[in-house]
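To start, the structure under review is shown below, and the notes come after it.
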Amino acid sequence: MLEKYNIYKDKSFNLSMAKEETKEKEKGKDVGKEAEAGLTDIPGIGPGIAAKLEAAGIYDLMGLAVLSPASLAEMAGLGEAAARKSIQAARGMMKLGFISGDEFAKKREDVSHITTGSTNLNNLLGGKGIETKAITEAYGAFGSGKTQLGLTLAVRVQLPKEQGGANGKAVFIDTEGTFRPERIRQISEGIGANPEKVLKNILVARAFNSDHQILLLDKISEMIKDGEPIKLVIIDSLTAHFRAEFAGRGQLADRQQKLNRYLHNLMRLAEQHNLAVYVTNQVMANPAMMFGDPTTAIGGNIVAHASTYRLYLRRGKQGSRVAKMIDSPNLPENECQFYVTVKGVVDEDTEE
Ligand code: GTP
Ligand code: MG
Numbered sequence: 000m001l002e003k004y005n006i007y008k009d010k011s012f013n014l015s016m017a018k019e020e021t022k023e024k025e026k027g028k029d030v031g032k033e034a035e036a037g038l039t040d041i042p043g044i045g046p047g048i049a050a051k052l053e054a055a056g057i058y059d060l061m062g063l064a065v066l067s068p069a070s071l072a073e074m075a076g077l078g079e080a081a082a083r084k085s086i087q088a089a090r091g092m093m094k095l096g097f098i099s100g101d102e103f104a105k106k107r108e109d110v111s112h113i114t115t116g117s118t119n120l121n122n123l124l125g126g127k128g129i130e131t132k133a134i135t136e137a138y139g140a141f142g143s144g145k146t147q148l149g150l151t152l153a154v155r156v157q158l159p160k161e162q163g164g165a166n167g168k169a170v171f172i173d174t175e176g177t178f179r180p181e182r183i184r185q186i187s188e189g190i191g192a193n194p195e196k197v198l199k200n201i202l203v204a205r206a207f208n209s210d211h212q213i214l215l216l217d218k219i220s221e222m223i224k225d226g227e228p229i230k231l232v233i234i235d236s237l238t239a240h241f242r243a244e245f246a247g248r249g250q251l252a253d254r255q256q257k258l259n260r261y262l263h264n265l266m267r268l269a270e271q272h273n274l275a276v277y278v279t280n281q282v283m284a285n286p287a288m289m290f291g292d293p294t295t296a297i298g299g300n301i302v303a304h305a306s307t308y309r310l311y312l313r314r315g316k317q318g319s320r321v322a323k324m325i326d327s328p329n330l331p332e333n334e335c336q337f338y339v340t341v342k343g344v345v346d347e348d349t350e351e
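FYI, numbering that gives the first Met the number 0 numbers position 280 of the sequence shown as 279, with every residue one higher than the one before it.
See the structure below:
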């Protein structure tokens, strides 16, 4: 088994190749030009009006496109005719409409997967692990394995495709100070990879507050444009800052709006650059629930809807972990067992 990783270990796999590939693609495709257009690209909408719209919760062309002329006129202080024109422009730029099933299938063709290290967990996720162009969320109590899964993925994404990776780098946005290089080294050694090389391919940023966390997404886009072959973005934790900063009762709507926008941007990043997004989320006790596991994920419906795959993690018997698929477009609600060991996430605990 170990020999399998040998090339990777001493010669390193050639990330510079992946780098070139990314550059080529960016150049060739003119990636998502209309998707990147913002409110101020619409004729008649300057920074002043854009700011008013943002204050009202309209951040992008989609938000604008679905408004009625009357409500836009009121929000932005425009005449109704001008408002109608802006909405039409937004709809035009977005190419709203249908694509054929085969076009849709083609769009999904380049989706790739990153192994979690556990076959059980991979199967729960549809067979090959977490998916690019999707957000996978893991929520659960402290110690349930959310961060450990993130660290494992940060290592595994670097493996060649034949070995369950995506031949790319990972970005780790750390909001809680839980990133541990030692763990990355251990997990790398566990799969026969060169720990120092693996560490080099993980770009870590500590996000100090929610605004900083949001800004870091732009930085990721820049790095990708510069040719960094980033295939995985980890946000550990997605919600902690938002939760701490918007603690008051009256702030819930603001928090949800900000979180919603952030998730929207995350999804766009995943789709534009064909990368996987893994986010962790805390739980809170739900006193209203009398039976079963009385825990609910933070962020409510906003996070629930934005996540393509939702895993609920908890501690199981004899040091095991249990993952439950909560919400997915195409997979059944199932459960599986895995372990967190020195080698990261695995099927069976072979440690002493
Ligand atoms: P919070 O961030 O506190 O909400 O929890 P989390 O879900 O992120 O927990 P995390 O992934 O950090 O899991 C921590 C647990 O993983 C520890 O309590 C240990 O049980 C286990 N763990 C971490 N490192 C090792 C290791 O090297 N060997 C073994 N056997 N277990 C480990
Ligand atoms: Mg954690």
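Where a beta carbon is used, it is the ideal one built from N, C-alpha and C, also for glycine.
{"Check": "Beta-carbon separation of Tyr277 and Thr135 under 8 Å?", "Outcome": "yes"}
{"Check": "Less than 7 Å between the CB of Thr146 and some heavy atom of the ligand GTP, yes or no?", "Outcome": "yes"}
{"Check": "Please state the DSSP three-state secondary structure of Phe171.", "Outcome": "strand"}
{"Check": "Hey, quick one: how far does the beta strand (DSSP E) through Asn280 stretch, first residue to last?", "Outcome": "Ala275 to Asn280"}
{"Check": "Could you tell me whether any non-hydrogen atom of the ligand MG is closer than 7 Å to the CB of Asp235?", "Outcome": "yes"}
{"Check": "Please state if the CB of Leu148 and the CB of Ile113 are separated by a distance shorter than 8 Å.", "Outcome": "no"}
{"Check": "Shorter than 7 Å, the distance from the beta carbon of Thr279 to the closest heavy atom of the ligand MG, or not?", "Outcome": "yes"}
{"Check": "Please determine whether the Cβ atom of Glu175 lies at a distance below 7 Å from any heavy atom of the ligand MG.", "Outcome": "yes"}
{"Check": "When the Cα atoms are used, what is the spatial distance from Leu120 to Glu244?", "Outcome": "33 Å"}
{"Check": "Sorted by chain position, which residues of the same chain lie with C-beta nearer than 7 Å to Asn208's C-beta, five sequence neighbours on each side aside?", "Outcome": "His240 and Glu244"}
{"Check": "Measuring straight from C-alpha to C-alpha, what distance separates Ser319 and Ala169?", "Outcome": "26 Å"}
{"Check": "May I have a chain-ordered list of the alpha helix (DSSP H) segments no shorter than 4 residues that lie completely inside the region 177-245?", "Outcome": "180-189, 194-199, 209-224 and 239-244"}
{"Check": "Would you list the residues sitting across from Leu310 in a DSSP beta bridge?", "Outcome": "Ala137 and Met324"}
{"Check": "Nearest CA to the CA of Leu231: which residue from Met61, Val110 and Asn193?", "Outcome": "Val110"}
{"Check": "Is the beta carbon of Gln250 less than 8 Å from the beta carbon of Tyr138?", "Outcome": "no"}
{"Check": "Can you tell me whether Asp59 is buried or exposed, with buried defined as 16 or more other CB within 10 angstroms of its CB?", "Outcome": "buried"}
{"Check": "Would Arg128 and Gly163 qualify as a contact pair, given that the criterion is a beta-carbon distance under 8 Å?", "Outcome": "It is Gly, not Arg, that sits at residue 128 in the sequence shown. Cβ atoms of Gly128 and Gly163: closer than 8 Å."}
{"Check": "Within the same chain, show all residues whose beta-carbon is closer than 8 Å to that of Lys22, passing over the 5 residues directly before and after it, in chain order.", "Outcome": "Legend: pLDDT at Lys22 = 48, less than 50; position of this residue unreliable, value from coordinates given subsequently. The answer, listed in chain order, is Gly226."}
{"Check": "State the DSSP-derived secondary structure class of Glu33, mapped to helix, strand or coil.", "Outcome": "Here Glu33 scores only 41 on pLDDT, less than 50, and its place in the model should not be relied on; the value that follows carries that caveat. If DSSP states are grouped into helix, strand and coil, Glu33 belongs with the helices."}
{"Check": "Please report how far the alpha carbon of Leu268 lies from the alpha carbon of Glu221, in whole angstroms.", "Outcome": "11 Å"}
{"Check": "For Arg182 and Glu79, I'd like the C-alpha separation in whole angstroms.", "Outcome": "59 Å"}
{"Check": "Locate the beta strand (DSSP E) running through Ala296, then write down its first and last residues.", "Outcome": "Thr294 to Ala296"}
{"Check": "Assign Glu347 to one of three DSSP states: helix, strand, or coil.", "Outcome": "coil"}
{"Check": "Val302 lies in the alpha helix (DSSP H); which residues open and close that run?", "Outcome": "Gly299 to Ala305"}
{"Check": "Is there at least one non-hydrogen atom of the ligand GTP closer than 7 Å to the beta-carbon of Ser143?", "Outcome": "yes"}
{"Check": "Using alpha carbons as the reference points, say which of Val65, Arg242, Lys257 and Ala75 lies closest to Gly47.", "Outcome": "Ala75"}
{"Check": "Answer yes or no: do Ala165 and Thr131 have a C-beta to C-beta separation smaller than 8 Å?", "Outcome": "yes"}
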